[in-house]
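Numbering (our numbering), first residue to last: 42 to 160.
Below, the structure written as structure tokens:
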């Protein structure tokens, strides 16, 4: 099976457990020129894809029928191709491939809610 992955997912989401109850949504997205250039449907679908990525460990099945049913749209109304073309998603990750991720510790300028225990 082929998968879709969210580009730079590890940079913005530091929750280490699978299936987290929430994702981070940075307010800087409001100032992101590339995000603002997306059509409304693509923005909405991207946010839902981020939620799915959190549950699927950033391995979203590349299945138009399944995604369309989750989004309550027709498969032809999916904006996956546009999101890939604009660099928000990558396509073609197969079942056996490892997906390299960046980790939040590589980006110390991003605030963290992680609290370490006594050392």
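All residues carry an ideal CB built from backbone N, CA and C; glycine is no exception.
- For residue 45, the uninterrupted beta strand (DSSP E) segment begins and ends at 43-47.
- As summarised for the segment 73-123, the continuous alpha helix (DSSP H) elements at least 4 residues long and confined to that stretch are 74-77, 81-96, 105-112, given in chain order.
- If you compare the alpha carbons of 111, 49, 60 with that of residue 96, the shortest gap goes to 60.
- In this structure, 104 is the residue among 104, 100, 124, 74 with its C-alpha nearest to the C-alpha of residue 116.
- By the C-beta density criterion, residue 86 is buried, having at least 16 other C-beta atoms within 10 angstroms.
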